[in-house]
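Accompanying notes for the structure given below.
There are 2 protein chains.
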Amino acid sequence: MAIQHPYLMFLGDSPDQLAAKVAQGVAHWRPEWCLGQLRLEGCKADLKLPDMTLADAREKGVKTVVVGVANRGGVIGASWVEVLEQALDMGMDIAAGLHQKVADVPRLAEAAARNGRKLFDVRHPTRSFDVASGVKRSGKRLLAVGTDCSVGKMYASLAIEQEMRKRGIKADFRATGQTGIFIAGDGVSVDAVVSDFISGATEWLTPENAPDHWDIVEGQGSLFHASFAGVSLGLLHGSQPDALVLCHEPTRAHMRGLPGYKLPSIEEAIDLNLRMARLTNPDVRFVGVAINTSGLGEDEALGYLQKVEAETGLPTTDPVRQGVARIVDNLA
Amino acid sequence: MAIQHPYLMFLGDSPDQLAAKVAQGVAHWRPEWCLGQLRLEGCKADLKLPDMTLADAREKGVKTVVVGVANRGGVIGASWVEVLEQALDMGMDIAAGLHQKVADVPRLAEAAARNGRKLFDVRHPTRSFDVASGVKRSGKRLLAVGTDCSVGKMYASLAIEQEMRKRGIKADFRATGQTGIFIAGDGVSVDAVVSDFISGATEWLTPENAPDHWDIVEGQGSLFHASFAGVSLGLLHGSQPDALVLCHEPTRAHMRGLPGYKLPSIEEAIDLNLRMARLTNPDVRFVGVAINTSGLGEDEALGYLQKVEAETGLPTTDPVRQGVARIVDNLA
Chain A
1 MAIQHPYLMF LGDSPDQLAA KVAQGVAHWR PEWCLGQLRL EGCKADLKLP DMTLADAREK
61 GVKTVVVGVA NRGGVIGASW VEVLEQALDM GMDIAAGLHQ KVADVPRLAE AAARNGRKLF
121 DVRHPTRSFD VASGVKRSGK RLLAVGTDCS VGKMYASLAI EQEMRKRGIK ADFRATGQTG
181 IFIAGDGVSV DAVVSDFISG ATEWLTPENA PDHWDIVEGQ GSLFHASFAG VSLGLLHGSQ
241 PDALVLCHEP TRAHMRGLPG YKLPSIEEAI DLNLRMARLT NPDVRFVGVA INTSGLGEDE
301 ALGYLQKVEA ETGLPTTDPV RQGVARIVDN LA
Chain B
1 MAIQHPYLMF LGDSPDQLAA KVAQGVAHWR PEWCLGQLRL EGCKADLKLP DMTLADAREK
61 GVKTVVVGVA NRGGVIGASW VEVLEQALDM GMDIAAGLHQ KVADVPRLAE AAARNGRKLF
121 DVRHPTRSFD VASGVKRSGK RLLAVGTDCS VGKMYASLAI EQEMRKRGIK ADFRATGQTG
181 IFIAGDGVSV DAVVSDFISG ATEWLTPENA PDHWDIVEGQ GSLFHASFAG VSLGLLHGSQ
241 PDALVLCHEP TRAHMRGLPG YKLPSIEEAI DLNLRMARLT NPDVRFVGVA INTSGLGEDE
301 ALGYLQKVEA ETGLPTTDPV RQGVARIVDN LA
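Heads up: the sequence lines are chains A and B, in that order.
Residue numbers 1 to 332, in the UniProt record's numbering, belong to the letters of the first sequence in order.
Residue numbers 1 to 332, in the UniProt record's numbering, belong to the letters of the second sequence in order.
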């Protein structure tokens, strides 16, 4: 798909900061791409980027307006359509991650057509995929897996890509969800792929590469999540990972969205992910554990990280507090 | 969806018997629904059903013409369209399991609309599903799982449903693939569901029921198949099986479509399926092993079945040669 940057981040009339979570992730990881923000009346979110009109954005060279906001039902606000249509008329593309497709809004589809502009609906795969071949391919791949959903897999992956690139290692983050796709400018929303093709889409996303090149693959869900484990397994098999990083959030009372379902232990998550991953890469190994300790105080966090490191024998770190250098050390 | 029977089996211009495999499965399991076959010039397949014209079929009370044939590319033959249009004009519905939708053929879509008839494209889900809740529900469920794809899971499931009904046990076969859907008259082609909803679609397909009612769920793929394991896992979690039956074909050199991938041992397949299934039903157990021994001679087959039974401690049978009575005995 290849979304062109730089971006103008469209926040619409977000009722709070959380509604702009996707945009915030993009601005955090690609500050050099995010030239400004456009907020409509009543918008309560703020990315601390310069506020811009569409005319400002065009003048600064913005290529794509990114709709990085969530709202109830994932629909495109009526008040947004006029602004987005103007953006198309001014020669910018639109990229959105809502359930409702911008391409399904007639005014926007027509405006894109008459201006020769592109509409990217990143939650909706626009191509078809082959069934996975399972054939071993060159290049190295690291996959972030989780004890649960939303435990920091994307953050850990991006931190690892950043650290590797800083060291001159060839590495590309491969996005499998909407925020990641805006950050990478490309990718596949794997949970929206027809289930026969989960692994095939992952093989397509992480093709053969130079022997010393690493794909850092964004994980999704968890093998222990009763709603989404199929997606996680397809991603695990399709990415044929050489290296795994386990991501975990230690304060959850139960699996996300599933009262009554307890989180697995870290040992159990390591063991099961290795067992399943060996099907397509018998040499797979864990290289680290990334803990989201945002729910713990500093001392408690450090104590917890040390405990997990002692139990697993793996570099264990909070990517936000401490970075991921020790995990990347362990890749060498 | 609820496809109305009785059926007229449309074989088109099938180049050989194999091309009519789906129709053959339906005729085998629902002989009382399949009143006749309609073959076009050059058809080399034969279900040994009475050959009928559309007029004959209408007179006999046929409700649905079932397109149970495969052809290269899964498209609707040009020579078929005229016949299928006539069937709609004569008041019959059409059900097809091709990749190309009959609903996408303008002449057929129009004929269905003007006659108030239905078009069933059983490979393509026509409804949306919720994400799986993982909540325990009443009723019992049995799922057929496999060491590989195409090892007899549908056959074993249907044989179990038949045997249970014969004994007066409440049992319903729940179809997850195209042939199964024609046989059940309803179902979900789970491999065509968007991957986020595999388990949710399975929960929908096997809803809560009377405590003594059994859903016999058709399995798909295998946890050991590098292309499709995600589908199998979603189905396993969503069906929350109380009972599992392992299906196996002992003469395969490698996993179907995956040279270089060996089949798992029966012990390994039992162990991994139990481990994964326990997430949504900790009390799950295997109740039998169904072996497709069609590739073995009689003596060899019996010897093999005895060996597996001794190794697993489970009733082990070839559903075709011996039926599944001993597996059903073990359900009680």
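The C-beta atom is built at its ideal place from N, Cα and C for all residues, glycine as well.
With a threshold of 7 Å between beta-carbons, can residue i be considered close to chain A, or not?
i        : result
B/Leu205 : no
B/Ser227 : yes
B/Ser195 : yes
B/Ala192 : yes
B/Ile198 : yes
B/Gly73  : no
B/Gly139 : no
B/Leu279 : yes
B/Leu258 : yes
B/Gly234 : yes
B/Asp134 : Checking the displayed sequence, the identity of residue 134 of chain B turns out to be Gly instead of Asp. Closer than 7 Å: yes.
Quick one: grab the DSSP three-state call for residue i.
i                      : result
A/Trp214               : strand
A/Asp329               : helix
B/Ala144               : strand
A/His28                : helix
A/His248               : strand
A/Ile291               : strand
B/Leu11                : strand
A/Leu205               : helix
A/Gly36                : strand
A/Leu305               : helix
residue 350 of chain B : Residue 350 of chain B falls outside the range modelled here, since chain B spans only 1 to 332, and no answer is possible.
A/Thr312               : helix
B/Met154               : helix
B/Leu235               : helix
B/Ala45                : coil
Looking only at its own chain, which residues have a Cβ that is under 8 Å from the Cβ of residue i, when we skip the five neighbours before and after it?
i       : result
B/Val26 : Tyr7, Met9, Trp33, Cys34, Val66, Gly68, Thr179, Phe182 and Ile183
A/His5  : Arg30, Trp33, Lys63, Thr64 and Gly185
With 7 Å as the threshold, decide whether the Cβ of residue i is near any Cβ in chain B.
i        : result
A/His213 : no
A/Val131 : yes
A/Gly146 : no
A/Thr126 : no
A/Val284 : no
A/Thr176 : no
A/Val231 : yes
A/His254 : no
A/His237 : yes
Quick one: what's got a C-beta closer than 6 Å to residue i's C-beta in the same chain, skipping five residues either side?
i                      : result
A/Ala20                : Leu11, Ser14, Ala45 and Val69
A/Arg137               : Glu208
B/Asp318               : Ile291 and Thr293
A/Lys140               : Trp214 and Asp242
B/Lys118               : Asp93
residue 334 of chain B : Residue 334 of chain B lies beyond the range of chain B shown here (1 to 332); nothing can be said about it.
A/Asp283               : none
B/Lys60                : Leu35
Say whether chain C places a C-beta atom closer than 7 Å to the C-beta of residue i.
i        : result
A/Val188 : Annotation note: the requested chain C is absent from the structure, which comprises protein chains A and B.
Excluding five sequence neighbours on each side, which residues of the same chain lie with their C-beta closer than 7 Å to the C-beta of residue i?
i                      : result
A/Ala301               : Thr293, Asp318 and Arg321
A/Val231               : Val190, Asp191, Ile198, Gln220 and Gly221
B/Ser195               : Gly230
B/Gly177               : Met154, Ser189, Glu218 and Gln220
residue 369 of chain A : In the structure displayed, chain A extends from 1 to 332; residue 369 of chain A sits before or after that span and is not available.
For residue i, list the residues DSSP reports as bridge partners.
i                      : result
A/Ala132               : None; A/Ala132 has no bridge partner.
residue 334 of chain A : Residue 334 of chain A lies beyond the residue range present for chain A, which begins at 1 and ends at 332; the question has no answer from this structure.
B/Phe286               : B/Leu244
B/Asp51                : B/Gln37
B/Val194               : A/Val194
B/Thr317               : B/Ala290
Q) Pairing CB atoms from the stretch 153 to 173 of chain A with CB atoms from the stretch 243 to 255 of chain B, are three or more of them under 8 Å? A) no
Q.
Taking contact to mean 3 or more Cβ pairs, one atom from each stretch, closer than 8 Å, check whether the stretch 255 to 264 of chain B and the stretch 213 to 231 of chain B are in contact.
A. yes
Q: Evaluate contact between the stretch 141 to 155 of chain B and the stretch 82 to 91 of chain B, counting only Cβ atoms and requiring at least three cross-stretch pairs below 8 Å.
A: At 8 Å Cβ cutoff, the stretches do not touch.
Q) Should the stretch 265 to 281 of chain B be called in touch with the stretch 124 to 131 of chain B, which here means at least 3 C-beta pairs below 8 Å? A) no
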